[in-house]
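A.B. asks: So in numbering that gives the first Met the number 0, spot 41 of the sequence shown is number 40, and the numbers just go up one at a time.
All residues carry an ideal CB built from backbone N, CA and C; glycine is no exception.
Quantities reported herein were computed from a predicted structural model and do not represent experimental measurements.
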Amino acid sequence: MEKRKQSRTEVVVNVEMHYRDIHAQGLRTRNVSLGGVLIEAGDYPLPRKGETVTLQVVNGGAPGTGRNFRTRVARVNEDGVALLFQDFDLEDFEYLQEMLD
Numbered sequence: 000m001e002k003r004k005q006s007r008t009e010v011v012v013n014v015e016m017h018y019r020d021i022h023a024q025g026l027r028t029r030n031v032s033l034g035g036v037l038i039e040a041g042d043y044p045l046p047r048k049g050e051t052v053t054l055q056v057v058n059g060g061a062p063g064t065g066r067n068f069r070t071r072v073a074r075v076n077e078d079g080v081a082l083l084f085q086d087f088d089l090e091d092f093e094y095l096q097e098m099l100d
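1. Within the continuous beta strand (DSSP E) that includes Leu82, where are the two ends?
2. For Thr53, I'd like the list of residues in its chain whose CB is within less than 8 angstroms of its CB, leaving aside the five on either flank, ordered along the chain.
3. Does Pro46 pass the burial test, meaning 16 or more other C-beta atoms within 10 Å, or should it be called exposed?
4. Rounded to whole angstroms, how far is the Cβ of Val36 from the Cβ of Arg27, which I believe are closer than 8 angstroms?
5. When the distance is taken between beta carbons, is Val31 closer than 8 angstroms to Leu83?
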């Protein structure tokens with residue numbers, strides 16, 4: 000049974016994940032919603048379910064640019080990592096809406 004509250008949109012965006020002492024670069028999204036995002040599995044050790052992850056959307060591929068989101072790992076499987084957005088503000092919401100349009 001589907002528990003999802005937000006509809007997903009297939010969007011491929013370059014992202015980085017920061018968790019524990021790991022800075023996972025060169026990752027891509029598979030889909031995004033206003034509630035969360037699915038990140039394709041990369042060559043890094045995956046975060047654990049429930050772990051807090053800082054997700055950085057990389058603008059134009061330039062390191063250190065983009066927008067950071069505080070997320071929590073909802074699910075980890077062979078497809079990748081499902082992250083739920085946490086502590087969302089209006090600017091974050093508008094940024095995601097623009098990305099989904």
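C.D. replies: On the basis of the coordinates in this document:
1. 79 to 85
2. Met16, His17, Tyr18, Asn67, Phe68, Arg69, Thr70
3. buried
4. Wrong, their Cβ atoms sit about 10 angstroms apart, outside the cutoff.
5. no
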